[in-house]
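Working notes, beginning with the structure itself.
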Ligand code: PGA
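What follows is the structure, encoded as structure tokens:
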């Protein structure tokens, strides 16, 4: 069994550093006994350093919502991966559809950021996903596979172990800017299962069985305490990237607990110290 990963993506929702620290401390305290799930939180950049300090030495890990692909230079408004490392980040979220579709990031930009993240030894949480229109046109496979190919160009067999894929269908993300004209709702277990299996198949073709079996593919898009368990039960779903429901400990914790509960229910899990993952 692969280890679950549950991440909170706070986007631009919590602007006060004190509030970000308070919420993350609550989450960190509540997950002291969680051992089977990797949990991270991605606050706004202004809070990254303070949050990082307050949760260092806890189970709660820190993520950045983005980086620039270069480490230093005259780039107004950008954030270097060195600042993220200094703050204590272990993960970088890349290619989120808000970055791709609102801020115009291309596969090439994202690829450069993925390569920088891996070069610095952090884990990249690479987001992919199709819009409602692309799904209606029958292009789910084509869109997601082309995002994978574009963003992972030049990523070696060894480096891929530091990649987590977040399948986030754009139409399921609780974002009115991305989805002005549709009713936003989570993927059904069937839709999610089909897409995750398709992503895993792509890894099988490109990187072989062992990587396809071990890579963590997490789901994002309106995941909350009500639907988390039925989504996390699906074989190819290894966790969640949570937006709105990660903004309070009260709504985020039940999702983490569902993942922990499901991991413990599996009688066959076994810790593999080579890959640092649970395996059947
Ligand atoms: P949501 O966001 O859970 O608010 O839909 C998920 C994401 O964008 O990562």
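In the working numbering, the protein residues as written are 94 to 373. By construction, the Cβ of each residue, glycine as well, lies at the ideal position given by its N, Cα and C atoms. Note that this is a predicted model, so its numbers are computed, not measured.
What do you reckon, are the CB atoms on residue 325 and residue 97 nearer than 8 Å? yes
Residue ranges of each alpha helix (DSSP H) within the region 220-292, 4 or longer: 225-229, 233-244
Starting from residue 142, trace the alpha helix (DSSP H) in both directions and tell me its first and last residue. 138-148
Enclosing beta strand (DSSP E) for residue 374 [first to last residue]: The structure shown does not extend to residue 374, since the chain is modelled only from 94 through 373, so no value can be given for it.
Pull up the CB-CB distance for residue 260 and residue 283, whole angstroms please, since I reckon it's below 8 Å. In fact, because the Cβ distance is near 14 Å, the residues do not count as touching under 8 Å.
I want to check one thing, is the minimum distance from the CB of residue 198 to the heavy atoms of the ligand PGA below 7 Å? no
Output yes or no for whether 8 Å exceeds the beta carbon distance between residue 335 and residue 100. yes
Report back the beta-carbon spacing between residue 250 and residue 174 to the nearest angstrom; my notes put them in contact at under 8 Å. At roughly 23 Å, the Cβ-Cβ gap does not stay under 8 Å, so residue 250 and residue 174 are not in contact.
Residue 332 bridges to which residues according to DSSP? 98
In whole angstroms, give me the CA-to-CA distance for residue 370 and residue 197. Here the model assigns residue 370 a pLDDT of 48, short of 50, so the residue's position is not dependable and the matter cannot be decided.
Tell me which same chain residues have a C-beta within less than 7 Å of the C-beta of residue 246, skipping the five on either side of it? 204
Under 8 Å Cβ to Cβ from residue 162, same chain only, skipping five residues before and after it: list those, please. 202, 205, 206, 208, 209
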